[in-house]
Each structure stands twice: as structure tokens, then as C-alpha cells.
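Novice:
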Amino acid sequence: MTAPTVPVQTAFLAELRAALPDLRLLADEIDRESYRRDETAYLEPPLPIAVALPTQTAEVAAIIRLAAAHRVPIVPRGAGTGLSGGAAAVAGGLTVAFTRMSRVLEIDRESLVVVTQPGVINADLKKAVAAQGLFYAPDPASYETCTIGGNLGTNAGGLCCVKYGVTRDSVVGLEVVTADGSIVRLGGRTVKDVAGYGLIPLIVGSQGTLAIVTEATLRLRPTPPPTATLIAFFPSLDAAGHAVSAIAAAGVEPCTLEFMDRTTIRAVDDAHNLGLDRDAAAMLMIESDLPGGAATTALETAATACDEAGATATLIAADPQEADWLRQARRMAFHAMERLGVARMEDVGVPRGRVPELLATIERIAAEQGLVIATFGHVGDGNLHPNIILGRDDPDGEAKLNRATDALYRAAIALGGTVTAEHGIGLARRDYLELQRGPGAMAMMRAIKTALDPLGILNPGKVLAEA
Ligand SMILES: Cc1cc2nc3c(=O)[nH]c(=O)nc-3n(C[C@H](O)[C@H](O)[C@H](O)COP(=O)(O)OP(=O)(O)OC[C@H]3O[C@@H](n4cnc5c(N)ncnc54)[C@H](O)[C@@H]3O)c2cc1C
31 MTAPTVPVQT
41 AFLAELRAAL
51 PDLRLLADEI
61 DRESYRRDET
71 AYLEPPLPIA
81 VALPTQTAEV
91 AAIIRLAAAH
101 RVPIVPRGAG
111 TGLSGGAAAV
121 AGGLTVAFTR
131 MSRVLEIDRE
141 SLVVVTQPGV
151 INADLKKAVA
161 AQGLFYAPDP
171 ASYETCTIGG
181 NLGTNAGGLC
191 CVKYGVTRDS
201 VVGLEVVTAD
211 GSIVRLGGRT
221 VKDVAGYGLI
231 PLIVGSQGTL
241 AIVTEATLRL
251 RPTPPPTATL
261 IAFFPSLDAA
271 GHAVSAIAAA
281 GVEPCTLEFM
291 DRTTIRAVDD
301 AHNLGLDRDA
311 AAMLMIESDL
321 PGGAATTALE
331 TAATACDEAG
341 ATATLIAADP
351 QEADWLRQAR
361 RMAFHAMERL
371 GVARMEDVGV
381 PRGRVPELLA
391 TIERIAAEQG
401 LVIATFGHVG
411 DGNLHPNIIL
421 GRDDPDGEAK
431 LNRATDALYR
441 AAIALGGTVT
451 AEHGIGLARR
461 DYLELQRGPG
471 AMAMMRAIKT
481 ALDPLGILNP
491 GKVLAEA
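Everything in the sequence shown is counted per our numbering, starting at 31 for the first residue and increasing by one.
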């Protein structure tokens, strides 16, 4: 859609203020600036025309109805920690930030679900349900800052997806506001429900391009036992890759299976002084939350698999506090990376058996482009985050980076994988969607977008390029 003209923007904002006098609306340039980007600092989006901070669904519906009437684009936003440009502002658009819709509405112990507003921080939701002996599984590494709405927008993954699945697997019900401002309820509290088309899986992960989520009903579990943690160091990437397959082949089902390469190990160790083996080429962190002695048995089996794959050392964390430090260090790996230079986190995924080939390809790309690429990630899901590190004053940095990401995406697709396993297409990877999905799937996606958002006002240009 073409951006609305300045007079249209002015009329829209005036009507919005008149219709919703209690709505917090930020229009100062300095405020708008802080909502311009998400964590993709390399993108250059425009300023939003204003930022709305609704507190209830009825306000969201009224905003969308007026936006549709004036053809003003809407960008839904959680905490802005996204790594694909999904929450980046669009030209002439209103950003709607959900941070004030931050109430956990109900914890239903009998049905094992929690009903929540979208602006709740993931860690706060976990804490609220943990106080009742319950567990909300999805845990992106950013869980202390990102929101449930953003997690639903991106279908976020995280450290324990390898056992508990991604965000989508925990959603049983949604309340959404559609592109014409209608409020629609999808699903409910039922774990099994196959009535009609699966609209929840369609909306979750659509990055605010098909509907706006105003409430979610999420699946809970009883709190699992405390995790036991094993770390293993390897002399080569290949050995670590083979250990991952060997752990699966040995029948171990960890709740976390994370990978770090040498550059990441050193950066994390520099930042947190954990005494990691700085000469190792790779490290795996394997956790089990099985009850009783079963976790220890699982980790012993995993340690044997690592030894057979060539591990130089395997260590079981001495106590839960040591395990917590290790997990926290892994969660902070991206920030450790940022100390090395300008870091751009990528997010490719391949079938698990092809992880060794992906690791070898990443090494080759780094050598060819003369770049440092530090890789860590959720290797148990075949999902790696190669972090391309640029010197702060490298004049060819941008060109090298573009060549490296192009080679990386093409390699992931050639290995039968994906250009994004959990961060989303957003703006950053849009040019590669058709290469991965093909024209047939693209036509279906465009038809869905047109059917659900005929005016194209919902987060235009994200996921799909505008026609
Ligand atoms: C250090 C770090 C570690 C990270 N680790 C992980 C990880 O392990 N796994 C992972 O998956 N991601 C990870 N991320 C990426 C990011 O945290 C996730 O994508 C997260 O889900 C974004 O949540 P947010 O609240 O910041 O959403 P935002 O960035 O604000 O928005 C994300 C997307 O959701 C849409 N959206 C937001 N709210 C709504 C709504 N109410 N209705 C519809 N659409 C909406 C937005 O338009 C946007 O497209 C990490 C990021 C950082 C910086």
C-alpha cells in the first residue's frame, strides 16, 4: 500500500484522539524514535507517525477500525527484541505497542491453561504460573525481556523446544482483532480440537500481518523436576556434530541441547569467567529434567555418546547453581558476541542429521569472506545462530556481510533447511522466502494475506513483499 499522505495521517490521529481520549498516544519525535527499530540495528525503517499504547481489546479494535477507514498501516509491537525487523516501523504507519496490556488474566489449574494479555513478559508469565506449581515451557533466550505477544508473532523457539516444542505448540486459544477491527475468538481451552481449518497455527508466527493478538490461552504443565546439566568439549566441530546424532541415537531426550563454537566459548568465558575450555573447538550443553535418578542416567548415556564421538572432556554440573550459571551464560551469548564487534545474529535450521555439514559450510563461508562467524544455537533442533562479527570500521564490512548471509541462506536451503527457524522472515530475510518455499506456496500465502487483510494495513511489507 502507498503510505498515507500527511493530511490523512493528521486526520487519522485527530479522530483517534477524539474517539479514544484515554488512549496513551506518543507523538513526540524522541518517543517515536525509540519505537523505530527492533533489534535489527542494520535496518533503516522510517519513524512511526505515532505510538499507541492500548490497555484493552476494545481500544485495539477501535484503533484498527479507524486505521482501516483511513488506510493507515499498523505495526503491532511487543518489547522490540525481534531479530527480523518484524516490529520495525513502516512509512506513514502507527505502531501499536502492547506493553500496557500486561496482565495475566487467569490460571486455570483444572484445565492446565493460563489466559494472558499479549504484553506480559515471558519470564513474568513463567513466574506467575510457577507460583502455582505449574510450568509454561517456551523459553526464548530473551525470555526476561520479550513479550508473549511477540513470541506469538514470531512463533518463538528457545532452549527447551527440543523437548517441549515451539510457542505454537503451547497455544490452545486466541482472541484476535482482524484487519477490519472485528474481535474474533479462536480455539478455547481444549487441548484436542480439529473443528475446521487450523487458524491458530496460521496466526501464530504470522508476525502481525494477518491479525493482531489481544489475548492468548496457553497450555501449562506440572513443574518438571530441577534440571541436571552436562557440558562436553570437543576438538572439532565435526565431532560435536556427530555427538548430537549419537545422543539422539542413544535414545536420550534432553530438555536442552545447545551448541557453542570456539569463538563463542571464549567470548562467553571472557564475559562470565566460567572456566570453560577455551581451546576446545566446540561445546555442547545437555540438560535433562526427568524425575528421580532418570536425569542422571540420561546424562551418563549422553556423556558416553559424547566420549565415543571424541569429546575431550565431559562434566556434570556440581549443583543447580552451577547449572544455572551455565544456562544463563548460554542465554547471554549474543551479548557476549556484541563485545567483539558489530554482531549480526542469523538463524538457519537444517535437518538434525545435516548439522555437521552446516557447521562445515559456516566455517567455509567465514574463510571465503575473511569474516569472523561465531556460532551457537539450539543444535538439538538443528537450529544454529551464526553471528557474523564485523570490525567497527571495516570499509568492506557491509558487502562481506551481504555475501556471507546470501551464501548462508542458500546453503541452508540446499541442505533441506530453512533461512529462519525461529526469528522470522520479517523484513530481513524477505528476499529469500520464495527461494525456500517456491512459487506455489508463495501464491497460497499471498491469497491468505489478501483474504484476511484486503486493504494491506496489517504490518505491510513484512514477511511478504508488497505487490
Ligand atoms: C539476546 C536475544 C536472544 C534471543 N533469543 C531467542 C530465542 O532463543 N528464540 C527465539 O525464538 N527468539 C529469540 N530472540 C528474538 C526475540 O526475542 C523473539 O523473536 C521474541 O519472540 C520477540 O518478542 P518481542 O516481545 O520483543 O516482540 P517484537 O520484537 O516487538 O515483535 C515480534 C513480532 O511479533 C509481532 N507482534 C508483536 N506483538 C503482537 C501482537 N500482539 N499481535 C500480533 N503480532 C504481534 C510484531 O509485529 C513482530 O513482527 C532473541 C533476541 C535477543 C535480542
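Glycine included, every Cβ here is placed at the ideal spot set by N, Cα and C. As the structure is a computational prediction, the values presented were derived from the model and not from experiment.
Nearest-angstrom Cα distance between Leu287 and Asp424?
Specialist: About 35 Å.
Novice: For a minimum of 4 consecutive residues, which ranges assigned as the alpha helix (DSSP H) are wholly contained in the region 196 to 255?
Specialist: With a minimum length of 4 residues, the continuous alpha helix (DSSP H) runs that stay inside the region 196 to 255 are 229 to 233.
Novice: CA-CA distance, Ile242 and Gly412?
Specialist: Their Cα atoms are separated by approximately 30 Å.
Novice: Please name the residue, chosen from Gly456, Leu463 and Phe406, that lies closest to Gly447 on a Cα-to-Cα basis.
Specialist: For the residues Gly456, Leu463 and Phe406, the minimum Cα distance to Gly447 belongs to Leu463.
Novice: Output needed for Asn417: all residues of its chain with C-beta closer than 6 Å, excluding positions within five of it in sequence on either side, in chain order.
Specialist: Result list for Asn417: Met367, Ala373, Met375 and Ala404, in chain order.
Novice: Leaving out the 5 sequence neighbours to the left and right, which residues in its chain are closer than 8 Å to Asp138 when beta-carbon positions are compared?
Specialist: Excluding positions up to five away in sequence, the list reads Val144, Val145 and Arg219.
Novice: Is it the case that the CB of His302 approaches a heavy atom of ligand 1 more closely than 8 Å?
Specialist: Checking the Cβ of His302 against ligand 1 gives no.
Novice: May I ask you to verify whether the region 106 to 121 touches the region 58 to 78, counting CB pairs closer than 8 Å and requiring at least 3?
Specialist: Touching, per the Cβ criterion.
Novice: Assign Ser275 to one of three DSSP states: helix, strand, or coil.
Specialist: In the structure shown, Ser275 sits in a helix (DSSP, three-state: H, G or I).
Novice: First and last residue of the alpha helix (DSSP H) that includes Ala88?
Specialist: Where Ala88 is concerned, the enclosing alpha helix (DSSP H) stretches over Thr87 to His100.
Novice: Buried or exposed: which applies to Arg394, given that a residue is buried once 16 or more other Cβ atoms fall within 10 Å of its Cβ?
Specialist: With fewer than 16 other Cβ atoms within 10 Å, it is exposed.
Novice: Once you ignore the five residues that flank Arg382 on each side, which residues in its own chain have a CB closer than 6 Å to its CB?
Specialist: Closer than 6 Å at Cβ, skipping near neighbours: Gly412.
Novice: Tell me where the beta strand (DSSP E) around Glu288 begins and ends.
Specialist: Note, Glu288: beta strand (DSSP E), Thr286 to Asp291.
Novice: Evaluate Met474 with the Cβ neighbour count: other Cβ atoms within 10 Å of its Cβ, from every protein chain shown; 16 or more gives buried, anything less gives exposed.
Specialist: With fewer than 16 Cβ atoms within 10 Å of its Cβ, Met474 is classed as exposed.
Novice: What's the C-alpha gap between Arg203 and Phe406?
Specialist: In the sequence as displayed, the identity of residue 203 is Gly instead of Arg. Cα to Cα, Gly203 sits roughly 33 Å from Phe406.
Novice: Any idea what DSSP makes of Thr448, helix, strand or coil?
Specialist: The answer is strand: DSSP assigns Thr448 an E or B state.
Novice: Considering only residues of the region 329 to 369, which uninterrupted beta strand (DSSP E) runs meet the minimum length of 3 residues and lie entirely inside it, listed in chain order?
Specialist: 343 to 346, all fully within the region 329 to 369.
Novice: Thr197 and Gly187 - do their beta-carbons sit closer together than 9 Å?
Specialist: Yes. Within cutoff.
Novice: What residue does the beta strand (DSSP E) around Thr405 start on, and which one ends it?
Specialist: Per DSSP, Thr405 belongs to the beta strand (DSSP E) from Val402 to His408.
Novice: Since I believe Gly112 is in contact with Gly456 (beta carbons under 8 Å), could you give me their beta-carbon distance rounded to a whole number of angstroms?
Specialist: So it is a contact: roughly 7 Å between Cβ atoms.
Novice: Can you have a look at Pro84 and say buried or exposed, based on whether 16 or more other CB atoms are within 10 angstroms of its CB?
Specialist: Answer is buried; the Cβ neighbour count reaches 16.
Novice: Hey, is the region 152 to 171 in contact with the region 250 to 259, meaning 3+ C-beta pairs nearer than 8 Å?
Specialist: With a cut-off of 8 Å, the region 250 to 259 and the region 152 to 171 count as touching, because enough Cβ pairs lie within range.
Novice: Below 8 Å, is the gap between the Cβ of Val120 and the nearest heavy atom of ligand 1?
Specialist: It does not: the Cβ of Val120 is nowhere closer than 8 Å to a heavy atom of ligand 1.
Novice: What residues match up with Asp106 in a beta bridge as DSSP calls it?
Specialist: It should be pointed out that residue 106 corresponds to Pro in this sequence rather than to Asp. Bridge partners of Pro106: Val126.
Novice: Compute the minimum distance between the beta carbon of Thr184 and the heavy atoms of ligand 1, and state whether it is under 8 Å.
Specialist: Result yes, Cβ under 8 Å from ligand 1.
Novice: For Ala160, which residues of its own chain have a beta-carbon under 7 Å away from its beta-carbon, when the five flanking residues on both sides are left out?
Specialist: So the list reads Thr253, once near-sequence residues are dropped.
Novice: With hydrogens ignored, establish whether the beta-carbon of Gly110 is closer than 8 Å to any heavy atom of ligand 1.
Specialist: Yes; taking the cut-off as 8 Å, the Cβ of Gly110 has a heavy atom of ligand 1 nearer than that.
Novice: Does the beta carbon of Tyr216 fall short of 8 Å from some heavy atom of ligand 1?
Specialist: The residue asked about is misnamed: residue 216 is Leu in this sequence, not Tyr. Leu216 Cβ: outside cutoff for every heavy atom of ligand 1.
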